[in-house]
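Chemist: When the letters of the sequence shown are read in order and numbered with the working numbering, they come out as residues -19 to 173.
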Amino acid sequence: MATLSPHDALLIADIQNDFLPGGALGIRGADAVIPVLEAYLHRFETQGLPIFLTRDWHPPGHCSFREQGGPWPAHCVAGTPGSLPPEGFHTPPAAVVIYKAIEPDREAYSAFQDTLLHRHLHALGVRRLFIGGLATDYCVLNSVKDARRLGYDVRLLKDGIKAVDVQPGDGRRAEEEMIRLGAVPVTLEAMAA
Ligand code: VGL
Ligand code: ZN
-19 MATLSPHDAL
-9 LIADIQNDFL
1 PGGALGIRGA
11 DAVIPVLEAY
21 LHRFETQGLP
31 IFLTRDWHPP
41 GHCSFREQGG
51 PWPAHCVAGT
61 PGSLPPEGFH
71 TPPAAVVIYK
81 AIEPDREAYS
91 AFQDTLLHRH
101 LHALGVRRLF
111 IGGLATDYCV
121 LNSVKDARRL
131 GYDVRLLKDG
141 IKAVDVQPGD
151 GRRAEEEMIR
161 LGAVPVTLEA
171 MAA
């Protein structure tokens, strides 16, 4: 796999302040993937290929929050500073933003769950999805699972993902599972410019 084709699209999950170091659900080392993801964005943008960015976009009191008995500290409350991409993160004007987990009583890690992503991709004739972002063991894993189930070829941005690792090894196991499901790992370096 070297060059991009007209049926490719980029999907980047949850580049939002709350998932970055210092955020409400800060992922150690997540800041390091930002320049890498920006480089992927640039590649897809210059080739005029579709770009999708997800945002975890919870109402206050979302069921995944600890106060509601969920597993996470409150994070990515819609429209708050923590829900926004970091200052200076370049969002290509043509990128489509997919808001997920917007219902108070439903958790949704996958970019496909309760969203129009599959319809967008289908309408654009996308067959192969390059998937990266945060977090490897939640949004990325579940989005890759759904993408494979829906019949997309998947390339996993190995150098553009980072895990929460609630249990040590969660990220590694998620990567193994995605590869077992047919996702092919790629790096920026290995992709022709
Ligand atoms: C996610 C933790 C909490 C994710 C969302 O989409 O990766 N992780 N909420
Ligand atoms: Zn969330």
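Note that the Cβ used here is the ideal one computed from N, Cα and C, for glycine as well.
Nothing here was measured: the structure is a model prediction, and the numbers come from that model.
1) Near residue 9, which residues of its chain fall below 6 angstroms by C-beta distance, leaving aside the five closest residues on each side in sequence?
2) Please report the distance separating the alpha-carbon of residue 54 from that of residue 39.
3) Any C-beta of chain B sitting closer than 7 angstroms to the C-beta of residue 4?
4) Tell me the rounded alpha-carbon separation between residue 177 and residue 85.
5) Spatial neighbours of residue 167 within its chain, please: C-beta separation below 8 angstroms, excluding the five flanking residues on both sides.
6) Quick check: what's the CA-CA separation for residue 94 versus residue -17?
7) As a quick exercise: from -11, 164, 147, pick the residue whose alpha carbon is nearest that of residue 76.
8) With burial defined as no fewer than 16 other Cβ atoms inside 10 Å of the residue's Cβ, what is the status of residue 115: buried or exposed?
9) Cα-Cα, which of 144, 0, -6, 170 is closest to residue 32?
10) Consult DSSP for residue 132 and reduce its assignment to one of helix, strand or coil.
11) From the DSSP output, read off the bridge partner residues of residue 52.
12) I'd like the span of the alpha helix (DSSP H) that includes residue 165, first residue to last.
13) Which value, in whole angstroms, describes the spacing of the CA atoms of residue 24 and residue 30?
Modeler: Concretely, from the data shown:
1) Within the same chain, Cβ atoms closer than 6 angstroms to the Cβ of residue 9 are found at 142, the five residues on either side in sequence being excluded.
2) 10 angstroms
3) The structure shown contains no chain B; it is built from a single protein chain.
4) Residue coverage of the chain in this structure runs from -19 to 173, which leaves residue 177 outside it and unanswerable.
5) 137, 138, 139
6) 32 angstroms
7) Ranking -11, 164, 147 by Cα distance to residue 76 puts -11 first.
8) buried
9) -6
10) coil
11) 45
12) If you look at residue 165, you'll find it isn't in any alpha helix (DSSP H); it sits in the beta strand (DSSP E) that goes 164 to 166.
13) 7 angstroms
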